[in-house]
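In our numbering, the protein residues as written are -14 to 179.
Beta carbons are placed, not taken as given, at the ideal position from N, Cα and C, and that holds for glycine.
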């Protein structure tokens, strides 16, 4: 993107996301905060800071995302930074999901990324880094200018966003099926998060 405004990057457990992080290091002024569900985020950041004090990739542990975290993410986006979140995993400790058609079956997709994007009121992009020939191809595309969740039709808007993401993920998975790191019963979650 050639904007001063940052955005939210919606990705999935597909391809080589670590390579995307390496590429982020090559773009001057590109800062990315990766939201993760691991208690090891602080240790990783300390290690990265020792190895490269100018590192532009930071992991942020978000098991309990509260108002302070949202305000900090808003500040980063307004400063031109990006926030990355995966949209293909149901949170370990529960969390709301909505159903979407995916590869011919219904699967549950978490709503957290869309709620966050609406709160940040920023552009949303998708990103994948897939095997292509003997190397990799980075795919960075605009998902939407803004996600709006109208009060009267919030659930329908969340479902529409999840369906949009599921269609994007289908394209990636059908083009590079061995790059999708799906190690749990993805479609066997029919009642999760309702």
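Is DSSP giving residue i helix, strand or coil here?
i           : result
residue 165 : strand
residue 71  : strand
residue 81  : coil
residue 119 : coil
residue -8  : strand
residue 62  : helix
residue 0   : strand
residue 176 : At residue 176 the pLDDT is 48, less than 50, meaning the model places this residue with poor confidence; the figure from the coordinates comes in the next sentence. Coil at residue 176, not helix or strand.
Hey, residue i and residue j: beta-carbon distance below 8 Å or not?
i           : j          : result
residue 106 : residue 74 : no
residue 69  : residue 19 : yes
residue -5  : residue 51 : no
residue 161 : residue 90 : no
residue 158 : residue -1 : yes
What does a CB cutoff of less than 6 Å around residue i pick up in its chain, not counting 5 residues either side in sequence?
i           : result
residue 129 : 109
residue 102 : -7, 109, 132
residue 172 : 90, 92
Leaving out five residues before and five after residue i in sequence, what residues of the same chain have Cβ atoms less than 7 Å from its Cβ?
i          : result
residue 55 : 104
### Query
Can you list, in chain order, the stretches of the alpha helix (DSSP H) that have 4 or more residues and sit fully within the region 86 to 134?
Listed in chain order, they are 97 to 105.
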